[in-house]
Amino acid sequence: MTMFELPELPYAYNALEPVMDEATLHFHHDKHHATYTANLNRALESHPELAEKSIRYLIAHLNLLPEDIRGAVRNNGGGYFNHALFWDMMAPEGSTSFGGPVAGQIEKDFGSFEEFKKKFSAAAVSQFGSGWAWLVWNKDHLEVLSTANQDNPLTEGKKPLLALDVWEHAYYLQYQNRRPDFVEAFFRIINWDYVNELFEDAKKSRKCGAAE
Ligand code: MN
Numbered sequence: 002m003t004m005f006e007l008p009e010l011p012y013a014y015n016a017l018e019p020v021m022d023e024a025t026l027h028f029h030h031d032k033h034h035a036t037y038t039a040n041l042n043r044a045l046e047s048h049p050e051l052a053e054k055s056i057r058y059l060i061a062h063l064n065l066l067p068e069d070i071r072g073a074v075r076n077n078g079g080g081y082f083n084h085a086l087f088w089d090m091m092a093p094e095g096s097t098s099f100g101g102p103v104a105g106q107i108e109k110d111f112g113s114f115e116e117f118k119k120k121f122s123a124a125a126v127s128q129f130g131s132g133w134a135w136l137v138w139n140k141d142h143l144e145v146l147s148t149a150n151q152d153n154p155l156t157e158g159k160k161p162l163l164a165l166d167v168w169e170h171a172y173y174l175q176y177q178n179r180r181p182d183f184v185e186a187f188f189r190i191i192n193w194d195y196v197n198e199l200f201e202d203a204k205k206s207r208k209c210g211a212a213e
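The sequence shown begins at 2 in this note's numbering and counts up one residue at a time.
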């Protein structure tokens, strides 16, 4: 039976400093992400028929899952998937820059990078309580939205390209209650190369997230 594994960070724990410090990344990855992973695996133990399904499939098809584990997969599978995406969506400051096909699409759909940044930041700052801000590909255009808890836009058929975790555990050690400062700083460590990869993949597959 496939067990989901906690992915390793694609960089050192201190590689995102000063925007995201080492202690925050240790807690966030080693404790929070590890717990979502363990709880997802525990939920799936009782349903070996789902063993070969990818996390993208599970999150895209929550409505088809057995009722007794649907909530657990939504929360813990969402937590597992969201964080795996999130680590790859960040990179050491200065290692990538805004550009590529997604930059052109952002300018087309939002008018300018500054307008996009304003929208994304507003979604991140105004999300009440725990949740995420997203840039997603919706069939033929980009959208900014926010979700509560560990919900992922893929469940609604929208493909995630960029995500920002605004649960307090994502920033409280370093920024305390200053979520807007955390959101502003996040823009310095976005991995635009990976966002472009996700954008290319999203445009290729016509089925919304159902490819796997
Ligand atoms: Mn988190």
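We put the CB at the ideal spot given by N, CA and C, even for glycine.
Proximity test, residue i beta-carbon vs ligand 1 heavy atom, cut-off 7 Å
i, result
"H170", "yes"
"H29", "yes"
"D141", "no"
"D166", "yes"
"H48", "no"
"H62", "no"
Nearest residue (CA-CA) to residue i, options the options
i, options, result
"N139", "L199, E9 and A35", "L199"
"A123", "D110, I107 and L146", "L146"
"S127", "Y176, L136, V184 and T97", "V184"
"D202", "L174, L162 and P181", "L162"
"F82", "A35, E116, Y14 and S113", "A35"
"W115", "N150, E50 and F99", "One point to set straight first is that residue 115 is Glu, not Trp, in the sequence displayed. Answer by Cα proximity: F99."
"A150", "L136, S131 and A164", "One point to set straight first is that residue 150 is Asn, not Ala, in the sequence displayed. Ranking L136, S131 and A164 by Cα distance to N150 puts S131 first."
"F111", "E53, L136 and V74", "L136"
Sequence-distant residues of its chain with Cβ nearer than 7 Å to residue i (five each side left out)
i, result
"P67", "H48"
"G210", "Low confidence applies to G210: its pLDDT is 46, below 50, so where it sits in the model is not reliable enough to give any reading."
"H27", "Y14"
"H29", "H170 and A171"
"N64", "none"
"A24", "L174"
"R179", "none"
"F87", "A164 and D166"
Backbone secondary structure at residue i - three-state DSSP
i, result
"P161", "strand"
"A13", "coil"
"T148", "strand"
"G210", "For G210, the predicted model reports a pLDDT of 46, less than 50, meaning its position is unreliable; a value from the coordinates is still stated below. Residue state, collapsed to three classes: coil."
"G101", "helix"
"G79", "helix"
"W88", "helix"
"D202", "helix"
"N42", "helix"
Assumed close pair residue i, residue j - CB separation to whole angstroms, cut-off 8 Å
i, j, result
"F121", "A134", "6 Å"
"Q106", "L143", "6 Å"
Same chain, Cβ closer than 6 Å to residue i, five either side skipped, listed in chain order
i, result
"T97", "N192, W193 and D194"
"V20", "A186, R189 and I190"
Residues of its chain near residue i, where Cβ-Cβ distance is below 8 Å and the 5 sequence neighbours each way are ignored
i, result
"P102", "N197, F200 and E201"
"K118", "F188"
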